[in-house]
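Residue numbers (UniProt numbering): 1 to 178.
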C-alpha cells in the first residue's frame, strides 16, 4: 500500500515567470488502497503518471518501467528499526520528483507503517506541517495508516529537529498518533 504525492500548480504558477507557491499535496486517493504487489502494476502506474518510487522494504520488487526511477529504504516494520536516518533523504527525493512535475509512489508491504511514516516525514519537512497535521493528511488518504510505536517516536524526534532547524510550521500543535 502506498501514497502518491504530486505537486499541484496554482493559478500563479501557471503564468510564465511566476514564483512557485507552496501548495502541498496530500496522498492521491485513487491509489491509496493498493499493496506492494499492486505497486508493480505497470498499467496503473503509467496511467497515474508515477515517475519515482520509494520502496520502503528490504525485498519487495520495484515497478519494471523504464520511466520510473526508484530508491529502496531497507527497513523492516519493527519498532527497533531506524527509519529516522532516511527521513531527509526520502523527503528530498520525493520533493525533487514532484518539483520536476512527476508523481511519487511511496509503498511498503502493507501500507500501514513504513510508507505512512515516510509520507508523514515528507509533509512535515517540505509541507512544513506539524506532525499531527501531516499524519492526519496521510491517515485521511489511507485510513489504515498507523506507524508503529518506534516509527512514531522517530517522527516526534524529527518534528523537534525540524523546529531546531527552523523548518517548522506557522502553528504548533501537540503531537499524538490519534
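We put the CB at the ideal spot given by N, CA and C, even for glycine.
Item, Value
"Simplified DSSP assignment, three categories, for residue 223", "The shown model of the chain, from 1 to 178, leaves out residue 223, and the question about it has no answer."
"DSSP state of residue 72 mapped onto helix, strand, coil", "strand"
"According to DSSP, residues forming a beta bridge with residue 50", "103"
"Residue 80 versus 158, 163, 152 and 166, residue with shortest Cα-Cα distance", "152"
"Alpha-carbon to alpha-carbon, residue 105 and residue 141", "13 Å"
"Beta-carbon separation (whole angstroms), residue 83 vs residue 39, contact threshold 8 Å", "Incorrect: roughly 18 Å between the Cβ atoms, too far for contact."
"Member of 113, 158 and 145 whose CA lies at the smallest distance from the CA of residue 125", "158"
"Between the CA atoms of residue 144 and residue 137 - distance to the nearest angstrom", "12 Å"
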